[in-house]
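I have placed the structure first, in the form of structure tokens, so that the comments after it can refer back to it.
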Amino acid sequence: MADRLLEIRISADYPNKPAVLDDCSLEIGRGEIVGLVGKSGCGKSTLSLALLGLLAWRGGQVRGSIRLNGRDLVGLSEGEMRKLRGREIALVLQSPMSALNPALKLGTQLHEAWKAHSSGSSEACNRAVGEALENVSLPQEPAFLQRYPSQISVGQAQRVLIAMAILHRPPLLIADEPTSALDIITQSEILELFSKVSRKLAMSILYISHDLLSLASISQRVAVMENGAIVECSPTMKIFRDPSHPYTRQLIRALPVIPQVFAAPAR
Amino acid sequence: MRRARQLATVFLLLVALASAAAGFLAPSGYAHQFRDTPDASPSRQHWLGTDDLGRDRFARLLYGTRVSLCLAPAAALLSSLLAALIGGVAGFCGGRLEQLVLAGTDLFLSLPWLFLLITIRALLPLNLPPVTSVVITFMLLGCLGWAVAARVICSDAHLLRNCDFILLARASGLGGWRLLVRHLLPNLMPIVYAQFWLSIPIFILTEANLGILGLGVSEPLPSWGTLLRDLESCSSMSHLWQFAPLLLLIAAVSCFHLLVVDREFPA
Numbered sequence: 085m086a087d088r089l090l091e092i093r094i095s096a097d098y099p100n101k102p103a104v105l106d107d108c109s110l111e112i113g114r115g116e117i118v119g120l121v122g123k124s125g126c127g128k129s130t131l132s133l134a135l136l137g138l139l140a141w142r143g144g145q146v147r148g149s150i151r152l153n154g155r156d157l158v159g160l161s162e163g164e165m166r167k168l169r170g171r172e173i174a175l176v177l178q179s180p181m182s183a184l185n186p187a188l189k190l191g192t193q194l195h196e197a198w199k200a201h202s203s204g205s206s207e208a209c210n211r212a213v214g215e216a217l218e219n220v221s222l223p224q225e226p227a228f229l230q231r232y233p234s235q236i237s238v239g240q241a242q243r244v245l246i247a248m249a250i251l252h253r254p255p256l257l258i259a260d261e262p263t264s265a266l267d268i269i270t271q272s273e274i275l276e277l278f279s280k281v282s283r284k285l286a287m288s289i290l291y292i293s294h295d296l297l298s299l300a301s302i303s304q305r306v307a308v309m310e311n312g313a314i315v316e317c318s319p320t321m322k323i324f325r326d327p328s329h330p331y332t333r334q335l336i337r338a339l340p341v342i343p344q345v346f347a348a349p350a351r
Numbered sequence: 014m015r016r017a018r019q020l021a022t023v024f025l026l027l028v029a030l031a032s033a034a035a036g037f038l039a040p041s042g043y044a045h046q047f048r049d050t051p052d053a054s055p056s057r058q059h060w061l062g063t064d065d066l067g068r069d070r071f072a073r074l075l076y077g078t079r080v081s082l083c084l085a086p087a088a089a090l091l092s093s094l095l096a097a098l099i100g101g102v103a104g105f106c107g108g109r110l111e112q113l114v115l116a117g118t119d120l121f122l123s124l125p126w127l128f129l130l131i132t133i134r135a136l137l138p139l140n141l142p143p144v145t146s147v148v149i150t151f152m153l154l155g156c157l158g159w160a161v162a163a164r165v166i167c168s169d170a171h172l173l174r175n176c177d178f179i180l181l182a183r184a185s186g187l188g189g190w191r192l193l194v195r196h197l198l199p200n201l202m203p204i205v206y207a208q209f210w211l212s213i214p215i216f217i218l219t220e221a222n223l224g225i226l227g228l229g230v231s232e233p234l235p236s237w238g239t240l241l242r243d244l245e246s247c248s249s250m251s252h253l254w255q256f257a258p259l260l261l262l263i264a265a266v267s268c269f270h271l272l273v274v275d276r277e278f279p280a
């Protein structure tokens with residue numbers, strides 16, 4: 085693995101649901117894309133909230149250590165964590181339409197995200213927003229920024245979310261099932277966009293999904309989560325060719341197979 | 014229904030315009046006494062006759078409408094702002110603060126509203142200058158009428174705090190007042206608007222109740238409440254023109270209710 089950016093070894097509980105994360109360990113290198121796969125409810129999103137220090141807000145509690153650039157985040161105060169969120173760790177959520185504020189224009193939301201960590205002039209803000217939009221292949225015209233989330237497509241909304249996440253060029257991006265609400269063509273475009281952003285900005289990505297195929301297309305390594313624990317974490321090729329854990333094998337056996345009629349070579 | 018709403022809007026606009034132009038439309042000031050013609054019947058000079066002090070009833074109705082139509086929306090605005098602040102903060106913060114505020118609101122709602130208003134107003138001197146009495150009535154209505162609206166807004170804010178866009182704003186590094194004002198409040202505005210419009214007819218009627226009891230706006234300044242008080246001395250149904258303030262009050266309150274029904278409030 086490349087130079088380590090993130091090292092996690094945590095357990096997490098909710099008041100009426102203990103051990104949602106059970107001694108969960110994971111490492112991510114700089115510029116690396118790591119996929120995290122597991123069935124719904126296994127603790128994937130809890131892990132993303134724990135990394136952002138937002139689990140307490142949902143009533144949860146984290147034990148252990150989360151080391152980002154060698155600094156332990158678990159003991160940090162809310163004020164210190166707020167300074168890290170968006171600047172050191174960014175988040176892209178599953179449903180772009182519900183993740184964007186319906187009452188605010190796109191430009192306002194991007195400017196707000198920028199102002200959370202920068203206090204420069206409005207020119208600097210516009211420049212940063214323009215660069216972020218360019219990186220995700222969205223128009224930078226004022227007319228686009230004047231739109232509300234309901235006035236753009238789902239694919240565009242997901243790109244806006246990615247632009248918002250990369251605004252401060254954080255070293256780590258958490259993508260929590262970012263393509264599950266998208267059609268298959270938009271899904272492949274967004275996956276390609278994540279790869280491009282990671283390469284261009286040397287950004288590490290923790291790509292969370294329950295879709296093993298989409299993970300495999302962009303991840304260098306895949307971590308498999310079951311009942312709040314990482315049961316296997318290996319390079320993507322190894323996961324598919326030589327899975328070691330029974331749950332990983334079960335996941336791979338469950339992958340859809342293209343029917344022969346479509347797979348047959350054209351004459 | 015749409016036709017009825019249009020008619021209600023036109024009626025309220027006409028009433029508001031007439032009261033605004035009272036200085037031009039009224040034959041005299043609201044306190045001017047025609048000492049030679051007290052308790053006169055309607056005539057070309059005095060369209061609604063004069064009261065027992067010789068004051069022109071039409072002039073007093075126009076000026077009284079101005080006071081009531083300014084006072085009720087102003088009090089509704091104050092109570093809606095208080096409700097947005099108290100309910101919004103409580104619902105957004107959640108936890109013990111929310112429980113405490115809801116308990117306080119329940120306690121407030123259990124108090125007999127009208128008796129509380131009468132008690133507080135009765136504690137103040139009765140010979141207040143007219144303008145001071147208007148300000149005090151406005152403050153009383155505004156400060157005591159927030160509880161129902163606060164409960165509704167608190168419930169809405171509680172739902173919003175768990176929305177994805179608030180999670181994303183937190184994950185972007187936003188927090189505290191900025192999160193509340195820039196992200197939550199715009200989404201609470203439709204419900205705050207609704208509470209504002211619902212409060213206006215309630216405050217018109219409350220001011221009228223206080224006025225009838227002699228605890229509202231002080232003489233000689235008229236309001237719909239003080240004009241209704243004159244009906245106490247109306248001994249005969251033959252003087253039907255004296256019921257003009259009552260008819261106007263009923264019509265205005267009905268029109269406000271028609272405007273609130275099915276109204277779409279902007280996000």
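Respectively, the protein sequence lines represent chains W and Z. Take the position in the first sequence, starting the count at 1, then add 84; the result is the number in the numbering used here. Take the position in the second sequence, starting the count at 1, then add 13; the result is the number in the numbering used here. The beta-carbon is built from N, C-alpha and C at its ideal position, and this holds for glycine as well. Since the structure is predicted, the reported quantities are computational estimates derived from the model, not experimental observations.
| task | Please confirm if W:Arg243 has its CB atom under 9 angstroms from at least one CB of chain Z. | result | Any Cβ of chain Z closer than 9 angstroms to the Cβ of W:Arg243 would place that residue at the interface, and such an atom is absent.
| task | Can you tell me which of Z:Arg48, Z:Ala163 and Z:Asp49 puts its alpha carbon nearest to the alpha carbon of Z:Ala207? | result | That would be Z:Ala163, whose Cα lies nearest to the Cα of Z:Ala207.
| field | At least 3 beta-carbon pairs within less than 8 angstroms: the segment 225-243 of chain Z vs the segment 141-150 of chain Z | value | In short, these stretches touch, since the Cβ pair count reaches three.
| query | By the criterion of Cβ-Cβ separation under 8 angstroms, what are the contact partners of W:Ser182 in chain Z? | reply | Proximity of chain Z to W:Ser182 at the Cβ level (cut-off 8 angstroms) is accounted for by Cys176, Asp177 and Phe178, in chain order.
| Any beta strand (DSSP E) of 3 or more consecutive residues that is wholly inside the segment 89-140 of chain W | The segment 89-140 of chain W contains these whole beta strand (DSSP E) runs: 101-113 and 117-121.
| said: Just list the residues that DSSP pairs W:Glu310 with in beta bridges. | reply: In the DSSP assignment, W:Glu310 forms a beta bridge with W:Ala313.
| field | Through-space distance from W:Gly137 to W:Asn219, alpha-carbon basis | value | It is roughly 28 angstroms from the alpha-carbon of W:Asn219 to the alpha-carbon of W:Gly137.
| task | Run down chain Z in chain order and give the residues with a C-beta less than 7 angstroms from the C-beta of W:Arg166. | result | Within chain Z, Gly186 and Gly188 have C-beta atoms less than 7 angstroms from the C-beta of W:Arg166, given in sequence order.
| Checking contacts by CB at 9 angstroms: is W:Gly170 closer than that to chain Z? | Yes, W:Gly170 counts as interfacial toward chain Z.
| said: Whole angstroms are fine: how far does the CA of Z:Cys156 sit from the CA of W:Asn153? | reply: C-alpha separation (whole angstroms): 52 angstroms.
| query | On the premise that Z:Ile179 lies in contact with Z:Leu201, defined as a C-beta separation below 8 angstroms, what is that separation, rounded to the nearest angstrom? | reply | In this structure Z:Leu201 does not touch Z:Ile179 by the C-beta definition: roughly 12 angstroms separates them, more than the 8 angstroms allowed.
| request: List the endpoints of the continuous alpha helix (DSSP H) containing W:Val238. | output: Here the alpha helix (DSSP H) through W:Val238 covers Val238 to Ala249.
| request: Could you name the residues of the same chain whose beta carbon sits closer than 6 angstroms to that of W:Gln145, not counting the 5 residues immediately before and after it, in chain order? | output: Within the same chain, Asp97 come within 6 angstroms of W:Gln145 by CB-CB distance, once the 5 residues on both sides are set aside.
| query | Can you tell me whether DSSP reads Z:Leu261 as helix, strand or coil? | reply | In this structure, Z:Leu261 counts as helix in the three-state DSSP scheme.
| query | Closer than 8 angstroms, Cβ to any Cβ of chain W: which residues of the segment 98-123 of chain Z, in chain order? | reply | Listed by position, the residues of the segment 98-123 of chain Z near chain W (Cβ gap below 8 angstroms) amount to none.
| Are W:Ser288 and W:Gly115 touching if we call contact CB-CB under 9 angstroms? | Their beta carbons are under 9 angstroms apart, which means W:Ser288 touches W:Gly115 by this criterion.
| Is any beta-carbon of chain W found at less than 9 angstroms from that of Z:Ala170? | Contact of Z:Ala170 with chain W is not assigned, every C-beta pair being separated by 9 angstroms or more.
| query | How long is the line joining the alpha carbons of W:Ser272 and W:His294, rounded to whole angstroms? | reply | W:Ser272 and W:His294 have their C-alpha atoms some 16 angstroms from each other.
| Own chain, CB closer than 6 angstroms to Z:Phe71, minus 5 neighbours either side, in chain order | Correct list, in chain order: Trp60 and Leu61.
| request: Could you give the DSSP three-state label for W:Ile342: helix, strand or coil? | output: It is coil, neither helix nor strand.
| message | For W:Leu175, report the span of its beta strand (DSSP E) as first-last. | response | Its beta strand (DSSP E) spans residues Ile173 to Val176.
| query | Tell me which same chain residues have a C-beta within less than 7 angstroms of the C-beta of Z:Cys247, skipping the five on either side of it? | reply | The answer, listed in chain order, is Gln255.
| Given 8 angstroms as the limit, is there contact between the segment 47-59 of chain Z and the segment 27-35 of chain Z, that is, 3 or more CB pairs closer than that? | Touching, no, given that fewer than three Cβ pairs across the two stretches are closer than 8 angstroms.
| said: Could you compute how far the alpha carbon of Z:Ser123 sits from the alpha carbon of Z:Cys176? | reply: Approximately 32 angstroms, taken between the alpha carbons.
| message | Along the chain, where does the beta strand (DSSP E) containing W:Leu257 start, and where does it finish? | response | Counting along the chain, the unbroken beta strand (DSSP E) around W:Leu257 starts and ends at Leu256 to Asp260.
| task | Indicate whether at least one CB of chain Z lies closer than 9 angstroms to the CB of W:Pro99. | result | By this cut-off, W:Pro99 is not an interface position.
| task | Run down chain Z in chain order and give the residues with a C-beta less than 7 angstroms from the C-beta of W:Ser179. | result | By Cβ distance, chain Z contributes Asp177.
| task | Just confirm the distance between the C-beta atoms of Z:Pro203 and W:Leu188, as a whole number of angstroms; I'd bet it's less than 8 angstroms. | result | Between Z:Pro203 and W:Leu188 the beta-carbon gap is near 14 angstroms, outside 8 angstroms, which marks them as no contact.
| task | Could you check if W:Ile269 is buried or exposed, using at least 16 other CB atoms within 10 Å of its CB as the buried criterion? | result | Classification of W:Ile269: exposed, given that the 10 Å Cβ count is below 16.
| said: To be precise: take each residue of the segment 196-228 of chain W, compare its Cβ to all Cβ atoms of chain Z, and keep it if any distance is under 7 angstroms. Which residues remain? | reply: With the criterion set as a beta carbon lying under 7 angstroms from some beta carbon of chain Z, the members of the segment 196-228 of chain W are Glu196, Ala197, Ala200 and His201, in sequence order.
| task | Answer yes or no: do Z:Phe105 and Z:Leu193 have a C-beta to C-beta separation smaller than 9 angstroms? | result | Taking 9 angstroms as the Cβ cut-off, Z:Phe105 and Z:Leu193 qualify as a contacting pair.
| Hey, how far is the Cα of W:Ser161 from the Cα of W:Gly119? | Near 29 angstroms, if we compare the C-alpha coordinates of W:Gly119 and W:Ser161.
| task | Please classify Z:Asp169: does DSSP put it in a helix, a strand, or coil? | result | Looking at Z:Asp169 - three-state DSSP - the assignment turns out to be helix.
| Can you give the beta carbon distance from W:Arg142 to W:Leu133, rounded, assuming they're within the 8 angstroms contact cut? | W:Arg142 to W:Leu133, Cβ: 6 angstroms. Contact.
| message | Could you check whether the segment 244-258 of chain W touches the segment 156-175 of chain W, counting it as contact only if at least three pairs of C-beta atoms, one from each stretch, sit closer than 8 angstroms? | response | Contact between the segment 244-258 of chain W and the segment 156-175 of chain W is present, because at least three Cβ pairs lie under 8 angstroms.
| How many whole angstroms separate the CB atoms of W:Cys108 and W:Ile314, which I take to be in contact at a CB cut-off of 8 angstroms? | Between W:Cys108 and W:Ile314 the beta-carbon gap is near 6 angstroms, inside 8 angstroms, which marks them as a contact.
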